[in-house]
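For what it's worth, the UniProt record's numbering labels the leading residue of the sequence shown as 1, then goes sequentially.
No residue lacks a Cβ here, since even glycine has one placed at the ideal position from N, Cα and C.
Quick caveat, the model's predicted, so the values are computed rather than measured.
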Amino acid sequence: MTPSQETALNSPVTPAWVRRPTNLARAVTAELVERIVRGVHPSGTPLPPEPILCETFSVSRTVVREAVKILQEKGLVQVRQGAGTMVTPPSHWDMLDELVLAATIAMDDSLAILDDLVVTRRVLESDMANVAARQADPETIERLAAMVDRMDELVDDHVTYHDHDRAFHDAIMQASGNRIARGVVRALESQVINTARYMGRTERALCVASNQGHRRIYERIAAHDSDGAAQAMFTHITEAWLVRRSGSDNPVRLRR
């Protein structure tokens with residue numbers, strides 16, 4: 001054994017928080033977001049005082065104060081004069097925030113937050129399909145046709161199929177010209193596209209059924225049938241999610 005190896009064996013393991021990530025405040029924030037969402041620090045109760053947080057995470061008061069400031073921006077806490085830093089109710093949380101959404105999804109055994117995500121996506125994408133059908137040019141229509149045809153060839157490869165699936169939806173969103181709605185949908189989906197709870201079942205028959213829905217959407221857009229495109233998108237997103245979540249024991253509560 002070399003001297004360096006012997007030194008490594010005899011040295012204590014350095015705690016993760018002492019390894020000084022690039023941005024300590026963000027690291028502390030991420031841990032506190034998870035703890036608040038899990039209920040370690042329940043709504044209506046104060047966060048531990050600064051000295052306790054400093055000791056818990058082995059960081060300075062400056063780092064803790066910056067972390068609390070970020071938590072306040074995310075809506076998870078409110079600083080009250082004389083009462084300390086209070087944890088706010090979930091209704092105050094910024095659910096479009098990456099950390100908040102990811103932690104909430106991870107803790108939601110009922111899949112209710114994913115149901116809400118799908119409802120939100122469905123409303124926005126149905127409207128964007130409506131607009132896309134009214135203003136899609138021949139190039140866009142040709143592109144959508146090629147994408148649907150290509151997905152027919154990919155039903156045995158669900159990973160590549162789903163990449164093309166997302167590209168198809170994104171092409172329609174781009175065709176609508178609604179950058180705000182597209183940004184919201186992309187931000188929401190970025191949190192869940194790699195999670196088994198959202199992706200659900202992936203067998204070949206489901207890819208086949210999914211692309212039938214895509215083809216109906218494409219056909220309505222190609223026909224410049226705005227109402228038909230919106231309804232086709234609404235039906236496709238609803239049915240695809242109900243099938244994907246069908247392995248769950250939780251009741252479905254999708255709203256219209």
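Contact defined as beta carbons within less than 8 Å: I believe I237 pairs with A229. What is the distance between those atoms, to the nearest angstrom? About 13 Å separates the two Cβ atoms, so there is no contact after all.
So, with DSSP's three-state summary, where would you put P77? For clarity, residue 77 is Val in the given sequence; the question names Pro instead. Of the three classes helix, strand and coil, the one that applies to V77 here is strand, per DSSP.
Under 8 Å, do L53 and V64 count as touching if we go by C-beta distance? When the beta-carbon positions are compared, L53 and V64 come within less than 8 Å of each other.
Could you check which residue in G183, R61, D157 and F168 has the C-alpha nearest to that of E203? Closest option to E203, Cα to Cα, is D157.
Whether or not the stretch 178 to 192 and the stretch 107 to 126 are in contact is what I'm after, with contact meaning three or more pairs of Cβ atoms, one per stretch, closer than 8 Å; do they touch? yes
Could you check whether V87 and N76 sit closer than 8 Å to each other, using their CB atoms as the reference points? In the sequence on display, residue 76 carries Leu and not Asn. Contact flag set, yes.
Should P12 be labelled buried (16 or more other beta-carbon atoms within 10 Å of its own) or exposed? Caution applies to P12, whose pLDDT of 46 falls short of 50 and renders its modelled position unreliable; the model cannot decide the point.
Can you look up M173 in the DSSP assignment and give me helix, strand or coil? Looking at M173 - three-state DSSP - the assignment turns out to be helix.
Rounded to a whole number of angstroms, what is the C-alpha to C-alpha distance between A83 and P49? In this model, A83 and P49 are separated by some 11 Å (Cα to Cα).
Relative to the C-alpha of D163, which residue among Q174, M173 and R150 is closest? R150
For T85, which residues in the same chain have their Cβ closer than 7 Å to its Cβ, ignoring the five residues on either side in sequence? Here the set comprises P46, L47, V68, V77 and V79.
With a 10 Å radius around its C-beta and 16 neighbouring C-beta atoms as the bar for buried, classify S246 as buried or exposed. Exposed, because fewer than 16 other Cβ atoms sit within 10 Å of the Cβ of S246.
Under the three-state reduction of DSSP, which class applies to G39: helix, strand or coil? coil
Work out the CA separation of D170 and N139 for me, nearest whole Å. Position check: residue 139 holds Glu in this sequence, whereas Asn was assumed. If I take the Cα positions, the gap works out to 15 Å.
Given the structure, does A25 come close to the ligand ATP, in the sense that its CB is under 7 Å from one of the ligand's heavy atoms? This structure does not include the ligand ATP; it has no bound ligands of any sort.
What residue does the beta strand (DSSP E) around T85 start on, and which one ends it? G84 to V87
Whose C-beta lies closer than 8 Å to the C-beta of Q174 among residues of the same chain, with five residues either side of it excluded? R182
Hey, out of T160, D116, A129 and G213, whose CA is closest to D227's CA? A129
Can you find the residues in the same chain that come closer than 6 Å, C-beta to C-beta, to M233, ignoring five residues on each side of it along the sequence? E125, S126, A129 and I217
Whole angstroms is fine: what's the gap from H92's alpha carbon to K74's? 9 Å
Backbone secondary structure at P138 - three-state DSSP: helix
CB-CB under 7 Å to D225, same chain, minus the five flanking residues each way: which ones, in chain order? A133
With the cut-off set at 8 Å, would you say A30 and L99 are in Cβ contact? yes
For A8, count the other beta carbons within 10 Å of its own beta carbon; 16 or more makes it buried, fewer makes it exposed. Which is it? With a pLDDT of only 44 at A8, under 50, the local geometry of the prediction cannot be trusted, and the value read off the model is given with reservation. Per the 10 Å Cβ criterion, exposed.
Quick check: the Cα distance between T160 and L111, rounded to an integer number of angstroms? 25 Å
Pairwise C-alpha distance: D94 and L188: 12 Å
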